[in-house]
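K.L.:
Residue numbers (our numbering): 9 to 250.
Right, here's the structure in full:
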C-alpha cells in the first residue's frame with residue numbers, strides 16, 4: 009500500500025525549509041500570483057450574492073449532516089463519462105470520498121490506498137465514488153496521476169468533478185482558499201467521507217479541516233461488515249430525532 013504522507017520520510021526538513029523560503033519570498037515580493045488571488049478573493053470572498061468567508065463559517069457552524077437523514081443530492085459529471093446523482097438511494101452501500109483536488113499529494117496517495125482494498129469493498133457490495141471541486145481537465149489529470157501511483161495502473165471506482173461551493177456548504181464541508189494561484193484558482197473542500205446506507209441515509213459522516221486527518225480505510229471496511237452482520241444502528245442522533 010502506498011505511503012499516504014510521502015513527505016514525512018528522508019529529506020522532509022529540506023523540503024520544509026524550501027517551502028518556508030518560497031513562502032517568505034512570495035510574501036516579500038507581494039506580486040507572485042497576487043493579482044489572481046485578489047480577483048479570486050473578490051469572486052468568492054464576498055460581494056454580490058456570495059457570502060464573505062466569515063459569514064460562510066458562521067452559517068456553517070452547527071450545520072453538519074444529520075446522521076440517519078438523506079445526503080442532499082448533487083448531480084455531477086464523472087471523469088469516466090456520464091452523470092451521477094450523488095446521494096440518491098441505490099439499494100447498496102455507498103462510500104463517498106471528498107478530496108481536496110489535483111494539487112494535493114496526500115489526496116492522491118489516500119485514494120491510491122483506497123484502490124488497493126477496493127476488492128474488499130466490492131465483496132461487501134459497496135459502491136465507491138471520489139469527488140472534487142476541480143474542473144474536468146484537472147480531474148482527468150488527477151486520475152492519470154492516480155493510476156500511475158497504483159500497482160495495477162488502474163482505478164476502478166468513479167471520480168466526479170465540479171462540486172460547487174453552495175453544495176460544499178449544504179454538506180457542511182470545511183472549505184479552504186488556496187494559498188496561492190499555483191495551488192488552484194478556487195475555494196476547495198477539505199477531506200470528508202460519507203457512508204450512505206442502502207436506504208440512502210447517512211450512516212457515517214467524517215469531516216476534516218486539513219489534509220492530514222482521514223479515516224482509516226481498514227477500520228471503515230471492518231465497520232461496514234460489523235454494521236451489516238449486527239444490524240448496527242446509526243449513531244450520533246441524540247437531539248436530532250426527538
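Just so it is clear, CB atoms sit at the ideal spot from N, CA and C, and this is done for glycine as well.
Please classify residue 196: does DSSP put it in a helix, a strand, or coil?
P.N.:
strand
K.L.:
Taking the continuous beta strand (DSSP E) assigned at residue 92, which residues delimit it?
P.N.:
91-94
K.L.:
Between the C-alpha atoms of residue 133 and residue 232, what's the straight-line distance to the nearest angstrom?
P.N.:
10 Å
K.L.:
Can you tell me whether DSSP reads residue 88 as helix, strand or coil?
P.N.:
Looking at residue 88 - three-state DSSP - the assignment turns out to be coil, as it is neither helix nor strand.
K.L.:
Where DSSP assigns a beta bridge to residue 107, which residues make up the other side?
P.N.:
Answer is none; residue 107 lacks a bridge partner.
K.L.:
Using DSSP with H/G/I as helix, E/B as strand and the rest coil, what is residue 1?
P.N.:
The shown model of the chain, from 9 to 250, leaves out residue 1, and the question about it has no answer.
K.L.:
One question on the structure: do residue 142 and residue 169 come within less than 8 Å of each other, judged by their Cβ atoms?
P.N.:
yes
K.L.:
Assign residue 207 to buried or exposed, taking buried as 16 or more other Cβ atoms, counted over all protein chains shown, within 10 Å of its Cβ.
P.N.:
exposed
K.L.:
Are residue 248 and residue 114 touching if we call contact CB-CB under 8 Å?
P.N.:
no
K.L.:
Could you please give the first and the last residue of the uninterrupted beta strand (DSSP E) stretch that includes residue 215?
P.N.:
210-215
K.L.:
Am I right that residue 155 and residue 148 are in contact with their C-beta atoms under 8 Å? What's the rounded C-beta distance?
P.N.:
The pair is not a contact, with the Cβ atoms about 11 Å apart (cut-off 8 Å).
K.L.:
Output the distance between the C-alpha atoms of residue 38 and residue 75, rounded to the nearest integer angstrom.
P.N.:
With a pLDDT of 44 at residue 38, under the threshold of 50, the predicted position of this residue should be treated as unreliable, though the coordinate-derived value follows. Approximately 45 Å, taken between the alpha carbons.
K.L.:
Touching or not, the stretch 165-185 and the stretch 75-92, by the rule of three or more beta carbon pairs under 8 Å?
P.N.:
yes
K.L.:
Taking DSSP's pairing of strands, which residues face residue 83 in a bridge?
P.N.:
Paired residues: 93.
K.L.:
Could you give the distance in angstroms between the alpha-carbon of residue 77 and the alpha-carbon of residue 90?
P.N.:
Their Cα atoms are separated by approximately 27 Å.
K.L.:
In the DSSP assignment, find the unbroken alpha helix (DSSP H) run with residue 235 in it and report its ends.
P.N.:
225-238
K.L.:
Return the CA-CA distance between residue 178 and residue 79, expressed in angstroms with no decimal places.
P.N.:
9 Å
K.L.:
Does residue 245 come out as helix, strand or coil in the three-state DSSP assignment?
P.N.:
coil
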